[in-house]
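Heads up: the protein sequence lines correspond to chains A and B, in order. In case it helps, our numbering puts the first sequence at residues 1 to 240. In case it helps, our numbering puts the second sequence at residues 241 to 480. Backbone N, C-alpha and C fix where the C-beta goes; we use that ideal spot for every residue, glycine too. In this text, all values refer to a predicted model and were calculated from it rather than measured experimentally.
There are 2 protein chains.
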Amino acid sequence: MKQLLLLSNSTMRGHSFLAWPEEHIKTFLGSEIQEILFIPYAAVHIAWAGYKKAIQKRFDEMGYAIESVYDKGDPVEKIHRADAIVVGGGNTFALLYHVYRYQLLKPIQERVAEGIPYIGWSAGSNLACPSIRTTNDMPIIEPPSMDALNLIPFQLNPHYTDFVQPDHGGESRDDRINEFLTINKDMPVVGLREGSGLIVKDEHIQLVGNNPVKIFRHGEKPLETTDVANLFPNFRIFLT
Amino acid sequence: MKQLLLLSNSTMRGHSFLAWPEEHIKTFLGSEIQEILFIPYAAVHIAWAGYKKAIQKRFDEMGYAIESVYDKGDPVEKIHRADAIVVGGGNTFALLYHVYRYQLLKPIQERVAEGIPYIGWSAGSNLACPSIRTTNDMPIIEPPSMDALNLIPFQLNPHYTDFVQPDHGGESRDDRINEFLTINKDMPVVGLREGSGLIVKDEHIQLVGNNPVKIFRHGEKPLETTDVANLFPNFRIFLT
Numbered sequence: 001m002k003q004l005l006l007l008s009n010s011t012m013r014g015h016s017f018l019a020w021p022e023e024h025i026k027t028f029l030g031s032e033i034q035e036i037l038f039i040p041y042a043a044v045h046i047a048w049a050g051y052k053k054a055i056q057k058r059f060d061e062m063g064y065a066i067e068s069v070y071d072k073g074d075p076v077e078k079i080h081r082a083d084a085i086v087v088g089g090g091n092t093f094a095l096l097y098h099v100y101r102y103q104l105l106k107p108i109q110e111r112v113a114e115g116i117p118y119i120g121w122s123a124g125s126n127l128a129c130p131s132i133r134t135t136n137d138m139p140i141i142e143p144p145s146m147d148a149l150n151l152i153p154f155q156l157n158p159h160y161t162d163f164v165q166p167d168h169g170g171e172s173r174d175d176r177i178n179e180f181l182t183i184n185k186d187m188p189v190v191g192l193r194e195g196s197g198l199i200v201k202d203e204h205i206q207l208v209g210n211n212p213v214k215i216f217r218h219g220e221k222p223l224e225t226t227d228v229a230n231l232f233p234n235f236r237i238f239l240t
Numbered sequence: 241m242k243q244l245l246l247l248s249n250s251t252m253r254g255h256s257f258l259a260w261p262e263e264h265i266k267t268f269l270g271s272e273i274q275e276i277l278f279i280p281y282a283a284v285h286i287a288w289a290g291y292k293k294a295i296q297k298r299f300d301e302m303g304y305a306i307e308s309v310y311d312k313g314d315p316v317e318k319i320h321r322a323d324a325i326v327v328g329g330g331n332t333f334a335l336l337y338h339v340y341r342y343q344l345l346k347p348i349q350e351r352v353a354e355g356i357p358y359i360g361w362s363a364g365s366n367l368a369c370p371s372i373r374t375t376n377d378m379p380i381i382e383p384p385s386m387d388a389l390n391l392i393p394f395q396l397n398p399h400y401t402d403f404v405q406p407d408h409g410g411e412s413r414d415d416r417i418n419e420f421l422t423i424n425k426d427m428p429v430v431g432l433r434e435g436s437g438l439i440v441k442d443e444h445i446q447l448v449g450n451n452p453v454k455i456f457r458h459g460e461k462p463l464e465t466t467d468v469a470n471l472f473p474n475f476r477i478f479l480t
């Protein structure tokens, strides 16, 4: 069974790292998983080793051991051996660049299809989408393609907000998503507010957190809803 | 002589289209130029024909005729015949996608090197940079490369703002630019606030508008300044 936990963000501003999703992560991973494989490639400001340490501290507290895909050894083999994959946030372009560089796209897809749990937040959630074309991140590095893991049949917009900066002429988040829809008419976009996430189990979707999602489809008014279970009736088709 | 007018934005929120830069555009183009060639490819929400109409109205008022690169005829030939090139704002990825699609990168570079004036705002200013990797735009469409016109030896960040959205965990603009610098250590980034622009004449740079620029270099504190004339002492090297 395909199992994904796709979180908007790791941390609410002013709260501690991975505090809000902790219970969701523990429930999702359950007690049979002993070790997770961490993918740190989205980190740009901090070194991958430092990112691993921060993650390790929190997953230790939750009762899971951690290996980083960047520890000594072959990254592809690590994916093959992993019991669960956790992809941290940061810059989505950097993340995808290194996923291509180490040729991990297909291995991750295969393992997720086999049923190992996948957890992502922010850039890690973008990576689960058909492409990274609804990321908020600056394209600071150029991956060979914007095609991503394609684990779900829609795009996510993590850190979704309908806040509009006063007296600023730049595009709002809704403007940007609507531009995406103008060019990609058949691809829905799910705006995931901070403190929200989706659990996907095969064709079933469940919302976690306290905020509704906002669903954007071309030519339709955006839909604010907590009822995500039936949003994608053709979901099964895409997952096979 | 290479001549560029690179504007942060076309329009201040609450003011009319191209109001703030009107005098700068007229001074820059002068009275010998009679017709400008407009590149509308950044438009996503509005049709290119509609974008041309909006531009036409304003350039008519300034005393310039306008042709669109998308009017009937060969776009490359239009570039070859142009007396001045004006590249409008919108989505930078869409703009670059179509510039590659119509194979206009080299023709525009050649004409600018020959001395015809180039005006860009927002996405049109991103296009003048070595790459579009400091755009704020969502990567809604995938150009074959992020390499752009490379008319200046630094990156611009149009619509630059140091505003930080309250209670939001997403990256600030400064975070994003610093991520760019971490990966692109030798490439300065000039944050152009709204209502600002640069005039570049060969190796000479002049600031227009009422706001200082903010210069970001790797490993240095960002520098807020109105004195742009001597910021890039090696500028001549890059322009030859």
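9 Å or more divides the Cβ of residue 448 (chain B) from the Cβ of residue 374 (chain B). When Cβ-Cβ separations below 9 Å define contact, residue 186 (chain A) makes no contact with chain B.
Note on geometry: alpha-carbon atoms of residue 390 (chain B) and residue 40 (chain A) lie some 32 Å from one another. In this structure, residue 119 (chain A) places its C-beta atom within 9 Å of the C-beta atom of residue 6 (chain A).
Those residues of the segment 2 to 19 of chain A placed with their C-beta closer than 7 Å to a C-beta in chain B are 9, 11, 12 and 13, ordered along the chain. Closer than 9 Å to the CB of residue 371 (chain B) there is at least one CB belonging to chain A. In terms of CA proximity to residue 453 (chain B), B:436 leads the group B:318, B:460, B:436 and B:443. Counted as a single uninterrupted DSSP element, the alpha helix (DSSP H) harbouring residue 76 (chain A) occupies residues 75 to 81.
The beta carbons of residue 143 (chain A) and residue 100 (chain A) sit closer together than 9 Å. Excluding five sequence positions before and after residue 305 (chain B), the CB atoms of its chain that fall closer than 7 Å to its own CB belong to 274 and 275, given in chain order. Residues of chain B with a Cβ closer than 7 Å to the Cβ of residue 44 (chain A) are, in chain order, 419, 422 and 423. Taking a contact to require three or more Cβ pairs closer than 8 Å, the segment 166 to 174 of chain A and the segment 111 to 118 of chain A do not qualify as touching. Residue pairing by DSSP puts residue 433 (chain B) in a beta bridge opposite B:400. Contact annotation: residue 92 (chain A) and residue 122 (chain A) have beta-carbon atoms nearer than 9 Å. Nearest C-alpha to residue 146 (chain A) among A:46, A:95 and A:73: A:95. The beta carbon of residue 80 (chain A) sits no closer than 9 Å to any beta carbon of chain B. Here the C-alpha atom of residue 141 (chain A) lies approximately 14 Å from the C-alpha atom of residue 395 (chain B).
In the structure shown, residue 365 (chain B) adopts helical secondary structure according to DSSP, grouped into three states.
Around the beta carbon of residue 32 (chain A), a 10 Å sphere encloses fewer than 16 other beta carbons of the protein chains shown; the residue is thus reported as exposed. Burial of residue 159 (chain A) is indicated by the presence of at least 16 other C-beta atoms within 10 angstroms of its C-beta.
A direct Cα-Cα distance of roughly 25 Å separates residue 14 (chain A) from residue 226 (chain A).
Under the 9 Å criterion on CB atoms, residue 385 (chain B) is classed as interfacial with respect to chain A. Chain B has no Cβ within less than 9 Å of the Cβ of residue 225 (chain A). Excluding five sequence positions before and after residue 450 (chain B), the CB atoms of its chain that fall closer than 7 Å to its own CB belong to 435, given in chain order. Contact of residue 163 (chain A) with chain B by beta-carbon distance below 8 Å involves 405 and 408. The three-state secondary structure of residue 472 (chain B), taken from DSSP, is coil. A Cβ-Cβ contact shorter than 9 Å links residue 329 (chain B) with residue 364 (chain B).
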